[in-house]
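Below is one structure, written out as structure tokens; comments come after it.
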Amino acid sequence: MKEKTKQIYYEKRFKKWLTILLLQFLFIVGCASESKNEVVINNRTPVSIANPVVTSLSEYMTFNANTTFLSKEIVRSTFQGFITKVYKNIGDYVKPGEVIFQIVTKEAYAADSLKLKLNGEAFSGTILLKAKTDGVLTELNYNTGDFVSDGEQLAVISNPSSLAVLLNIPYQHASKIKIQSHCLLLLPNGNKINGIISKSLPSVDQISQTQTFLVKISDGKNYPANLNVEIKIPIRVVDKATVVPKSSIQSNETLDSFWIMKLVNDSTAIKVLVDKGIENDSLVQILKPNLDLSEKIIIVGAFSLPDTAKIEIK
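Numbering (my numbering), first residue to last: 85 to 398.
This is the structure:
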């Protein structure tokens with residue numbers, strides 16, 4: 085009787101432990117399955133998407149340029165002598181006939197020093213140099229008390245309305261520039277203004293082998309001379325181009341193969357080889373294949389994705 089009771093006791097205890105072990109096993113399997121699902125979900129690459137669009141697209145070439153005044157008056161000394169008075173300062177606006185310098189000839193200066201008199205009257209020898217055109221005094225080379233020689237440059241008067249932009253184009257690209265064509269000027273402060281290529285100079289710089297073109301600014305504002313600007317010139321225009329954002333284009337190391345990542349469903353993207361057309365700073369024309377405007381492509385997150393990738397749309 086005691087042996088039978090003991091056997092029943094061990095059987096119950098065994099079943100109890102077996103039940104506990106089974107529950108622990110099921111719990112561990114469930115956690116592992118959940119962890120595996122989490123890993124699968126986390127392996128999806130978060131991406132941003134967009135659709136192709138049809139628009140007018142222009143391709144630009146960008147060159148450096150600088151501003152200058154085309155109309156300048158150089159004020160020169162007409163006699164040797166000493167400057168006794170300067171009537172204007174740099175930046176002053178002058179009109180025709182206004183006095184800029186007063187000069188005493190060296191003979192008059194010597195006569196005055198010796199207190200000589202001619203014909204009973206003091207010999208002054210004072211000369212007033214006047215402006216012949218209107219404009220802004222942009223250079224002032226001498227001050228009161230300086231000695232100047234005959235024909236020496238004393239000052240420069242620049243006409244602000246004659247401001248132009250000197251555009252230096254490498255000669256191999258000069259044939260692409262059309263006279264009277266429009267261009268876009270990018271100022272150092274970030275402002276953008278429109279310009280027109282008005283003419284070209286019939287010479288090439290001997291060292292840099294660049295040809296100079298003149299660009300007229302028509303916004304009516306005054307800009308300083310010697311301002312460095314960038315000029316964007318359209319060289320090709322496609323009226324109806326199928327384009328995608330530039331960030332969606334991927335390439336190999338040698339830049340001779342290009343592709344995009346196109347979605348086949350909400351969680352899978354595939355690699356599609358493309359032929360590029362013209363492009364600008366933000367958009368690229370796709371020549372082949374013909375993209376449907378309803379198709380979705382990855383614009384952020386496509387870098388280093390395999391040919392077929394699991395993705396998650398942000």
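Cβ coordinates follow ideal geometry from the N, Cα and C atoms, glycine included.
Being a predicted model, the structure only gives us computed values, none of them experimental.
Counting every other CB atom within 10 Å of its CB across the protein chains shown gives T338 a total below 16, marking it as exposed. Residues of the same chain with a CB within less than 6 Å of the CB of I315, apart from the 5 flanking positions on each side, are F147, A149, L251, C267, L269 in chain order. Within the model, the alpha-carbon separation for V188 versus K305 is close to 40 Å. Contact between the region 340–352 and the region 177–192 is absent: fewer than 3 CB-CB pairs across the two stretches fall below 8 Å.
Only residues of its own chain outside the window of five on either side were considered, and among them T294 have a CB closer than 6 Å to the CB of P254, listed in chain order.
With respect to P136, K398 sits apart: the two C-beta atoms are not nearer than 8 Å. In the DSSP assignment, P130 falls within the beta strand (DSSP E) that extends over 129–134. Around the Cβ of S366, a 10 Å sphere holds fewer than 16 other Cβ atoms; the residue is exposed.
According to the DSSP assignment, D359 belongs to the beta strand (DSSP E) that extends over 352–363.
Counting along the chain, T326 sits inside the beta strand (DSSP E) bounded by residues 312–329. In the DSSP assignment, L270 forms a beta bridge with K276, E314.
Excluding five sequence positions before and after L247, the CB atoms of its chain that fall closer than 8 Å to its own CB belong to T151, T152, F153, L154, I301, N306, Y307, A309, given in chain order.
Taking 8 Å as the cut-off, the beta carbon of Q334 is found no closer than this to the beta carbon of A258.
Around the beta-carbon of S332, 16 or more other beta-carbon atoms lie within 10 Å, marking it buried.
Under the DSSP assignment, N349 falls in the beta strand (DSSP E) whose first and last residues are 342–349. Using a 10 angstroms sphere on the CB of L371, the tally of other CB atoms stays under 16, which defines it as exposed. Between E396 and the set S132, E182, T103, the nearest pair of CA atoms involves S132.
At a Cβ-Cβ threshold of 8 Å, Y144 and N364 count as neighbours.
Judged by DSSP secondary structure, K179 falls outside any beta strand (DSSP E); it is assigned neither H nor E. CA-CA distance, A239 to S282, rounds to 29 Å. Sixteen is the threshold: since fewer than 16 other Cβ atoms of the shown chains lie within 10 Å of the Cβ of V138, the residue is exposed. Contact check for S351 against R128 passes: the beta carbons are separated by less than 8 Å. In the structure shown, S140 adopts extended strand secondary structure according to DSSP, grouped into three states. Per DSSP, the unbroken beta strand (DSSP E) holding I383 starts and ends at 381–384. Following the DSSP letters along the chain, one finds S242 inside the beta strand (DSSP E) bounded by residues 237–242. Secondary structure at A309: coil, using DSSP grouped into helix, strand and coil. Shown here, I211 sits in a strand according to DSSP, grouped into three states. Residue environment analysis places I241 among the buried positions, since at least 16 neighbouring C-beta atoms fall within 10 angstroms of its C-beta. For P254, the enclosing beta strand (DSSP E) covers residues 247–254.
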